[in-house]
Structure formats: C-alpha cells, structure tokens
Amino acid sequence: MEGSQEVTLDSLGSFGVSIPENVSSFNDLTPTTLISICCQSLNLLGNIKDEYGNDMPFPSSVEGSVSMDDRFKICSDISLAFKNLGYVGDMNYSKFLYPSEEDSYKLVRFLVERLSGSSEAVKFSGKGNVGMRQNNSEKISEYFAQEPDSEEVDLNLQKVEAILKDLRVGELLEPSSLKTDDAPVAVNDPLRAHGMPQNELFSESTAEAVESRSGAIENEETADEKDDGRVSTSRKESEIQYEAENLLSQEKVLKDELSASALQVQHLEEEFGLWKAAADTAFDESHPMEFFLEQLNEQVDAKRHNIRELESQWDAFRNPLEQKKRSLEECLYANNPGAQEKLQKLRDIELDMQFTLSEIRKREEEHLELSADLRKQPKIASRRSYTERIKEITKNSGKLDADIERILRDTRELQLESNSIQERLHRAYAVVDEIVFREAKKNPVGRQAYRLLTSIHESFQQISEKILATDRIRREMADHEKKLAAMASRSLNVDKVQADLDAIVKENEYLGRQLYDN
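Mapped onto this note's numbering, the consecutive letters of the sequence shown carry residue numbers 22 to 539.
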C-alpha cells in the first residue's frame, strides 16, 4: 500500500504539482497540504466553472494564517469543482478540512487520472524521441562495426584533388585556344590586311560611292564578313565564359564536398576513438566500473573548474573595457537625447541578459546537485513489477466487470419474473373477486366469503409493503454503518472542530463590529 501511495504522489509531482519533501505517504498529508495540492491540480486542469458558469480560480497555496471563513469557502469551491469533474461519491468541505487516509487517497488518485488524461500527447511525443535516439545509436554502431579503412579515404581525397587540378588546367588552356582561333579571323580580315581603318572607309563621300559601284559592293562584303567574325567571336566568348562559370561552380561544389567529407572523417575517427575507449573500459577486468566512473567524474570536475577560472579571467579583462566603452558612448551621445534614450534601453536589455544568464547558471548548478542526489537515492522497485501489478489489477477488473454484468442480468431476469407473477396474481384476484361478489349477492354465505377474501387480500398487501420497507431499512442501516465506520477510522478531533467553530464565531463578531462601526 505504501508503494502505491508513493507512486501516486510521484505521478502527481511529475505533472508540476509541488509536494513538500516531508510528505512520503498519505498519513503525512495535513489538511493545508491537501488543499494546496488540490488547488494546484485544479489550476493545471483549467476550465473549472462554478454554478453560474464563471471561471473558478484557486490559490496556489493555503497558508496556516488563512482565516477559517476563507478555508470553508475554498473547500466548498474545491468540492464543487470535484463534482463538476465527475467525482463519484460523497463530496463536501469536510473531506478537505478533516480528511482521512482513505479520503486523501481517493482524491489524489482522482486528480492523477484527470491530469494523465489531459497530457497523453506529451507522453506520446516523449516515446517518439526515445525511438529516434535508439535508431541513431543503432546506425552508429553498425557503421563502426564495418571498420572503415583510412587508406581508402586518403585515395578518395587524392582523386578529388586530381580532378580539381585538371579543371584549373582546362581553364588556363581555354583562353589560349580562344586567341589562336581569333588569329585567322584577324589575318583574313581584308580591312586589316590592306591597312584601311574602319573610320576612313565610312568617311568617304556618297558621290564617290555612286561613281565606283564596284568599290562600294566590295566594301559592303568586307563589312559583312567582319560583322560575322565579330558575332562568331562573341558567341565563342559567351560559350567559353559559361563553361568557365560552370567549371568554377563544379570546383566550388567539389571543394565543399571535400571539406565536408574531411570533417565527417575526423568526426567519425573521434567517435571511433571514444567507442574504442569505452569498449576497452568495459572489457577491462582489472578495475571495477566504479573506478572508471570516478575518473570520468574527476575529469568533468577539472574541466568545469577550468571553465570557471577562464570565465573569471574573462570577466576581469572585460569589465574595464566595458567601463571604457560606456564612458566613450556617454561622451559621444551627450548632445543627442534620442541616442541617449536608445543607449539606456540597450543597457537595460544587457542587464536583463546578464540576469538571465546568471539564473541559467544557477539552475544548471541546481540541476547538477539534484542529479547527484538522485544518483545517491536508493533504487525503487523496477517498472516491471509495476507493470505486473497493473496487469493483475486490469485482469481482476475484467473479472469484476463480468461478475457485475452477470449479476445485473440475473437481477433483470428476476425482476421480469416477479412482474409476470404479480400480473398473474392480479388477474387471478380479479376473477375470484368477480365470482365471489356475484355469489355474495345471492346468499349470506357468499357475502361472508367475500369479506374473508378482501381481508386476506389486504393482509397480504400489508405484508408485502412491510417486507419492502424492511428491506429498505436494512439497506439504509448498512449505509449508515459504513459511514459510521468511516467516521470512526477518520479519527475526528472534536477539540479541533470546536476550536474551528470558536474561530468562526470570533471572526463573525469582528465582522459584525466592523459593519456596526461603518
């Protein structure tokens, strides 16, 4: 029972409900602690409405200094919220002000069920991340199981470098080939061969062109040939430029791939070294596993100490520079109020960042301390035992459901049979009553028989009513006995109840005096 109580409290704490450290079972729960836990859980569930449809906020904690009137109001609101959430059973403020161990267990288990129903997507996502991590670890182990050869990697790198050198040589040869291709064009150009500039050709007058028709035709042919040569040259230049850009892009891609593969090889070599060291540690029988763990912890502590020293040195070096920077900024923006305002905002943001970083460091230190404490804590029962318990409970629950269904079916059949018997009795009584009533009209003996029949019928009807009333009274007695047993096990402190009533009376008198004074 204690194990299940501890598991229930741990489950409630995993949803973000703060539970005091001194509470390890439901016997340790005080009324104030139970009320605080219920308020936090209801705030996490949200969408709690009162009887008028308004939102019901609850305080995060209930201190001992809260008045009894406020406590009664808070407990009444909590009981109403439990009813709205579907709690089955008796529910009022006394469940929270004077709780028993059984009541506390029922209330906390109900809250855990509701909170777990509202957070299943988170759990599902957590399971998916675990599967991804397992797949990644399996892939890494398969890669190192193949034991790649470093010589093959070096050969691949040499091949890539050779390809890059060929590309560079091709780029150097293409401009030279361009020049050799352009040389015949320059030689075959009639204008350049005769030493006639283009400006002089087109500066001739139109009269001379009309007189010498054949000379004009020759000039036009020469110009057409020159234009064709320029077009072909520009086309070749564009093609060569496009090929050069393509080769440059290919070279850049190959360089990126080369650097990425080199980094990947380096990373894999480091991981291989780590795996090899881990394997040597695991198969080393001369030292226990705790010895290697202590060595790793010492190395981690030493590196953490070095990091702190470096941070302190950096702070000592940075502080005078920042002061100098601030003084220079103040001198620079002394005559500009808008710049001063922006500078002040920037400094506020820097202060907030420093405060946030300090908080993060504190939280990290607390996390490390808590992790160390968690490792020192004794190990609880394995999850397999809890799984077996849950399976057994589920199996028993299925059996109980089958028994309840069978009992309900038998009860239904008995009810139908009882109804049919009652209908037959009513029909038989109606027939007998009619026959005897006819005979009672004829002679006094029939009249006497009719009186006896009616009296017998009334007596049996009274007997049946008394039997039903007795059965109802027995059920009520059983319910009252259960309630009395629960109250007896609750160990209600009469003195505490009387003290609460006295406190309520004093508060009412004080409020009455305040109203009278106002």
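Here a beta-carbon is modelled for each residue, glycine too, at the ideal position from N, C-alpha and C. Here the structure is a predicted model, which means the values were calculated and not measured.
Is it the case that the Cβ atoms of Phe-79 and Cys-60 are separated by a distance below 7 Å? Start at 1 with the first residue of the sequence shown, and residue 79 comes out as number 58. Start at 1 with the first residue of the sequence shown, and residue 60 comes out as number 39. Yes, Cβ-Cβ distance for Phe-79 and Cys-60 is below 7 Å.
Could you name the residues of the same chain whose beta carbon sits closer than 8 Å to that of Gly-110, not counting the 5 residues immediately before and after it, in chain order? Sequence index remark: in the sequence shown, residue 110 carries index 89 (1-based). Around Gly-110: Lys-127.
Can you tell me whether Ile-442 is buried or exposed, with buried defined as 16 or more other CB within 10 angstroms of its CB? To locate residue 442, count along the sequence shown from 1; it is residue 421. Exposed, since its Cβ has fewer than 16 Cβ neighbours within 10 Å.
Thinking C-alpha only, which one of Leu-50, Ser-45, Gln-519, Gly-37 is nearest Leu-63? For the purposes of this step, residue 63 is taken as residue 42 along the sequence shown, with counting starting at 1. Leu-63 has its Cα closest to that of Gly-37, out of Leu-50, Ser-45, Gln-519, Gly-37.
Val-526, buried or exposed, once every other Cβ within 10 Å from all chains shown has been counted against 16: Position 505 of the sequence shown, counted from the start, is the residue given in the question as residue 526. By the beta-carbon neighbour count (other beta carbons within 10 angstroms, threshold 16), Val-526 is exposed.
Supposed contact pair Met-89 and Glu-528 - C-beta distance, whole angstroms, cut 8 Å: Taking the first residue of the sequence shown as 1, we reach residue 528 at position 507. Taking the first residue of the sequence shown as 1, we reach residue 89 at position 68. About 7 Å; that satisfies the 8 Å criterion.
Within the continuous alpha helix (DSSP H) that includes Ile-428, where are the two ends? Translated into positions along the sequence shown, residue 428 becomes position 407. Where Ile-428 is concerned, the enclosing alpha helix (DSSP H) stretches over 404-463.
Quick one: grab the DSSP three-state call for Asn-157. On the sequence shown, position 136 is the one that residue 157 refers to. Interpretation of Asn-157 is limited by its pLDDT of 40, a score under 50 that renders its predicted location unreliable; no figure is taken from the coordinates.
Would the beta-carbon of Lys-104 be found less than 6 Å away from any heavy atom of the ligand FAD? Of the ligands one can find in the structure shown there are none, so the ligand FAD has no counterpart to examine.
Taking the alpha-carbon positions, what's the Val-518 to Ser-100 distance? For the purposes of this step, residue 518 is identified with residue 497 of the sequence shown, where counting begins at 1. For the purposes of this step, residue 100 is identified with residue 79 of the sequence shown, where counting begins at 1. Taking the straight line joining both Cα atoms gives about 19 Å.
When DSSP labels each residue in this structure, what does Ser-32 get in the three-state scheme? As a first step, residue 32 is located in the sequence shown; it is residue number 11 there, counting from the start. Residue state, collapsed to three classes: helix.
For Ile-40 and Thr-491, the rounded distance between their alpha carbons: Position 470 of the sequence shown, counting from 1, holds the residue named residue 491. Position 19 of the sequence shown, counting from 1, holds the residue named residue 40. Looking at the two C-alpha atoms, the distance is approximately 49 Å.
Return the chain-ordered list of same chain residues with a C-beta closer than 8 Å to the C-beta of Leu-33, the five sequence neighbours on each side being excluded. What you label residue 33 is simply residue 12 of the sequence shown in a count that begins at 1. Excluding five sequence positions before and after Leu-33, the CB atoms of its chain that fall closer than 8 Å to its own CB belong to Ile-40, Ile-58, Ser-62, Val-129, Leu-132, Val-133, Leu-136, given in chain order.
Kindly indicate which three-state DSSP category Tyr-471 falls into: helix, strand or coil? Against the sequence shown, residue 471 aligns to sequence position 450. Shown here, Tyr-471 sits in a helix according to DSSP, grouped into three states.
How far does the alpha helix (DSSP H) with Tyr-542 in it extend, from its first residue to its last? Since the first and last residues shown for the chain are 22 and 539, residue 542 lies out of range.
Glu-460 versus Asp-431 - alpha carbon distance: Numbered from its first residue, the sequence shown carries residue 460 at position 439. Numbered from its first residue, the sequence shown carries residue 431 at position 410. Approximately 43 Å, taken between the alpha carbons.
Is it the case that the Cβ atoms of Ser-125 and Ser-510 are separated by a distance below 7 Å? Here residue 125 refers to the residue found at position 104 when the sequence shown is read from its first residue. Here residue 510 refers to the residue found at position 489 when the sequence shown is read from its first residue. Result no, Cβ atoms of Ser-125 and Ser-510 do not sit closer than 7 Å.
Is Val-28 closer than 7 Å to Ile-56 when the C-beta atoms are compared? In the sequence shown, residue 56 corresponds to position 35, counting from 1. In the sequence shown, residue 28 corresponds to position 7, counting from 1. By the CB criterion at 7 Å, Ile-56 and Val-28 fall outside the cutoff.
First and last residue of the uninterrupted alpha helix (DSSP H) at Ile-40: Numbered from its first residue, the sequence shown carries residue 40 at position 19. It is not in any alpha helix (DSSP H) - Ile-40 carries neither H nor E in the DSSP assignment.
Check whether the Cβ atoms of Val-457 and Tyr-471 sit closer than 7 Å, and answer yes or no. By one-based count along the sequence shown, residue 457 stands at place 436. By one-based count along the sequence shown, residue 471 stands at place 450. Result yes, Cβ atoms of Val-457 and Tyr-471 sit closer than 7 Å.
Bounding residues of the alpha helix (DSSP H) (the contiguous stretch that carries Phe-93): Numbered from 1 along the sequence shown, position 72 holds the residue referred to as residue 93. Looking at the DSSP string, the run of the alpha helix (DSSP H) that includes Phe-93 is 89-106.
Quick check: the Cα distance between Tyr-354 and Ala-283, rounded to an integer number of angstroms? For this step, residue 354 is matched to residue 333 along the sequence shown. For this step, residue 283 is matched to residue 262 along the sequence shown. When rounded, the distance between both Cα atoms is 50 Å.
Beta-carbon of Ser-115 versus every beta-carbon of chain B: anything under 7 Å? No chain B appears in this structure, which consists of one protein chain only.
Pull up the distance between the alpha-carbon of Glu-221 and that of Ser-255, whole angstroms please. For the purposes of this step, residue 221 is taken as residue 200 along the sequence shown, with counting starting at 1. For the purposes of this step, residue 255 is taken as residue 234 along the sequence shown, with counting starting at 1. Residue placement at Glu-221 is flagged as unreliable, the pLDDT there being 40, under the threshold of 50; a coordinate-derived value is accordingly withheld.
Taking the Cβ atom as the reference point for each residue, do Tyr-119 and Ser-97 lie within a distance shorter than 7 Å? To locate residue 119, count along the sequence shown from 1; it is residue 98. To locate residue 97, count along the sequence shown from 1; it is residue 76. Result no, Cβ atoms of Tyr-119 and Ser-97 do not sit closer than 7 Å.
Would you call Gln-26 buried or exposed, if buried means 16 or more other Cβ atoms sit within 10 Å of its Cβ? For the purposes of this step, residue 26 is taken as residue 5 along the sequence shown, with counting starting at 1. Flag for Gln-26 reads buried.
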